[in-house]
Amino acid sequence: MLEELLAEADQRAPRTPRAVRDRRAARLGATSLWLMLGALVLQGVSLVQQLSYLFAPRPGELPVLVVVLVLAVAAGLAAVVVGCLAARSTDGRRTGVFGAALALGFLVLFGAASWFGWGFLGALSAPI
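Numbered per my numbering, the sequence shown spans residues 27 to 154.
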């Protein structure tokens, strides 16, 4: 029986080399992590701007705040999409899923923090 299994192993066709698309998917996983890191930096900058605007608003600060907020969300969503694209192949599956999950988690936390901040601003602005 063992000899039959060894004979079958010798008769199998050699593995074909991986396709170029698989190497691209592996790079997409790393790209997802880099996009997530960039989104995290933008989210940090945006949260600092929001805190600054909450407690000491300056004229002309709101448009810049909104632009950085939109850029942070767009970079986070791009990291999620690229991570999901990388997860479609076996080469990029681990890093792609990891990048997409981290980016999605940070987007949820960022959304909650921003929502709380703007709600706090609304509560401060409400008449007594």
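From the three backbone atoms N, C-alpha and C, an ideal C-beta is built for every residue, glycine too.
Since this is a predicted model, take the numbers as computed values, not measurements.
Does the distance from the C-beta atom of Leu54 to that of Ala112 stay below 8 Å?
yes
Inter-residue Cα distance where the pair is Ala122 and Cys110
The amino acid at residue 122 is misidentified as Ala; the sequence shows Gly. C-alpha separation (whole angstroms): 6 Å.
Would you check if the region 55 to 63 and the region 99 to 110 touch, i.e. whether three or more CB-CB distances between them fall below 8 Å?
In this structure the region 99 to 110 touches the region 55 to 63; the number of beta carbon pairs closer than 8 Å is three or more.
Between the Cα of Leu147 and those of Tyr79, Glu29 and Leu32, spot the shortest distance and give me the residue it belongs to.
Tyr79
Helix, strand or coil for Thr57? Go by DSSP, reduced to three states.
helix
Assuming contact is defined by CB atoms lying nearer than 8 Å, are Ser140 and Gln75 in contact in what I supplied?
Pairing Ser140 with Gln75 gives a Cβ-Cβ distance that is not under 8 Å.
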